[in-house]
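Let me begin by presenting the structure, written as structure tokens, before commenting on it.
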Amino acid sequence: MSRLPRHRTVSDVMTRHVHVATPLTPFKRLVHLIEENRVSAIPIVDQQGIPIGLVSETDLLLKQMRPGRDSSRGLMHPEKRRRERAKADGVVALDVMTSPVITVGSNTDLQAAARLMQDKNLRRLVVVDEGKRIAGIVSRTDLLKVFLRSDEELLEEIQGELIPAVLMSAAEGLTVEVCWNIATLSGAVDRKSDAAMLTRLTSQLDGVVAVIDELTYSWDDTAAVPAAPVSQDRHFKAI
Numbered sequence: 520m521s522r523l524p525r526h527r528t529v530s531d532v533m534t535r536h537v538h539v540a541t542p543l544t545p546f547k548r549l550v551h552l553i554e555e556n557r558v559s560a561i562p563i564v565d566q567q568g569i570p571i572g573l574v575s576e577t578d579l580l581l582k583q584m585r586p587g588r589d590s591s592r593g594l595m596h597p598e599k600r601r602r603e604r605a606k607a608d609g610v611v612a613l614d615v616m617t618s619p620v621i622t623v624g625s626n627t628d629l630q631a632a633a634r635l636m637q638d639k640n641l642r643r644l645v646v647v648d649e650g651k652r653i654a655g656i657v658s659r660t661d662l663l664k665v666f667l668r669s670d671e672e673l674l675e676e677i678q679g680e681l682i683p684a685v686l687m688s689a690a691e692g693l694t695v696e697v698c699w700n701i702a703t704l705s706g707a708v709d710r711k712s713d714a715a716m717l718t719r720l721t722s723q724l725d726g727v728v729a730v731i732d733e734l735t736y737s738w739d740d741t742a743a744v745p746a747a748p749v750s751q752d753r754h755f756k757a758i
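Following my numbering, the numbering of the sequence shown begins with 520 at its first residue and continues without gaps.
So, in structure tokens, the structure goes:
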């Protein structure tokens, strides 16, 4: 039996060459790293390469704060204001980094990574290996790369891998078209459940934007079969 197409993971799209800093990296060096490498954040790692924090442009910009300005913010959010002032006074990475850092494993699927970013309102995630050491960085832009897959590549995956894995019977009567990563499925299958499963799994393929379902089926195997009524006038025979 054919296997379903594999889902891409964070390791397929992440940036592997990552510029990092240590807790004692000076403030000015952090600014240099961000500017020279055209990134928006620098992971902070310990001596074993395990990420312990993240310094973003937002963290560094707090240095521009002026004492006494916008005092109303301090009254409304005193704890947040206290943390911001501490970062504004910081001189090394340990002082200004955001910690703990949210990480994902390199084998995390893209859907799970995207959901975590959305839930936590993050622009990037630090990727770690099995030893919890830093392995890369994945950004929102990285997660969108799967939608750059070509129509031809998706067509081949649907016809050559997905359909043979889903349908037990021959699928010569099926037609698949892909345009701008929108897949159109047409033709006849045996059961309604086959059509529903094929449509659902096609929509879950990495890079598919939408699915147009034009499939027909021979019989509806999802319809509930009514149970035979039980007579109230039952008679029992003694044995």
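Where is the CB? At the ideal position from N, CA and C, for every residue including glycine.
From S618, Q567, E603, E680, pick the residue whose C-alpha is nearest to that of Q583; which is it? From the listed residues S618, Q567, E603, E680, the smallest Cα separation to Q583 is found for E603.
I need the DSSP call for T577, collapsed to helix, strand or coil. Helix.
Mind reading off the beta-carbon distance from V730 to L704? Whole number of angstroms is fine, and I expect it under 8 Å. The Cβ separation is near 7 Å, so the contact holds.
Inter-residue spacing [alpha-carbon to alpha-carbon] between V564 and V558: One alpha carbon belongs to V564, the other to V558, and they sit about 17 Å apart.
Could you give the DSSP three-state label for P542: helix, strand or coil? In the three-state reduction of the DSSP assignment, P542 falls in the coil class.
Note down the Cα distance separating V646 from I571, rounded to an integer number of angstroms. For V646 and I571, the distance between alpha carbons rounds to 12 Å.
Report the three-state DSSP secondary structure of R634 (helix, strand or coil). It is helical.
V532 - containing alpha helix (DSSP H), residue span: Membership of V532 in the alpha helix (DSSP H) is indicated by the continuous run 529–532.
Go through the stretch 644–688 residue by residue and report every complete run of the alpha helix (DSSP H) that reaches 4 residues or more, in order. List check, alpha helix (DSSP H) in window: 659–662, 670–676, 682–685.
Using DSSP bridges, identify the partner residues of T622. Beta-bridge pairing links T622 to V645.
I'd like the list of long-range same chain contacts for T721, defined as Cβ closer than 8 Å, with 5 residues on each side in sequence excluded. Excluding five sequence positions before and after T721, the CB atoms of its chain that fall closer than 8 Å to its own CB belong to I677, L681, A702, L704, V727, V730, given in chain order.
Give every residue of the same chain whose Cβ lies closer than 7 Å to the Cβ of R659, excluding the five residues on either side of it in the sequence, and list them in chain order. Once the five neighbours on either side are set aside, the close Cβ partners of R659 are M636, R642.
By the DSSP assignment, the beta strand (DSSP E) with L523 in it spans what residues? Element bounds for L523: n/a, residue is neither H nor E.
In this structure, how does DSSP classify E691 when only helix, strand and coil are distinguished? DSSP places E691 in the coil class of the three-state scheme, outside both helix and strand.
How big is the Cα-Cα spacing for L686 and D713? Cα to Cα, L686 sits roughly 7 Å from D713.
In the DSSP output, what is T703 paired with across the bridge? When DSSP reads this structure, T703 sits in a beta bridge with E696, I731.
Quick check: what's the CA-CA separation for V610 versus P542? Put simply, the backbone Cα of V610 is about 11 Å away from that of P542.
What does the alpha-carbon distance come out to for the pair R522 and G650? So the alpha carbons of these two residues sit roughly 30 Å apart.
Under three-state DSSP, which class holds V611? Correct three-state label for V611: strand.
By DSSP, does T741 sit in helix, in strand, or in coil? T741 carries a coil assignment under DSSP once its states are collapsed to helix, strand and coil.
DSSP bridge partner residues for R710 (one or two, in chain order): BP columns for R710 point to W738.
Evaluate L667 with the Cβ neighbour count: other Cβ atoms within 10 Å of its Cβ, from every protein chain shown; 16 or more gives buried, anything less gives exposed. Label assigned to L667: exposed.
Using alpha carbons as the reference points, say which of E696, H526, V620, V657 lies closest to H759. The requested residue 759 does not occur in the structure, where the chain is confined to residues 520 to 758.
Do you know how far the Cα of T534 is from the Cα of I553? Looking at the two C-alpha atoms, the distance is approximately 15 Å.
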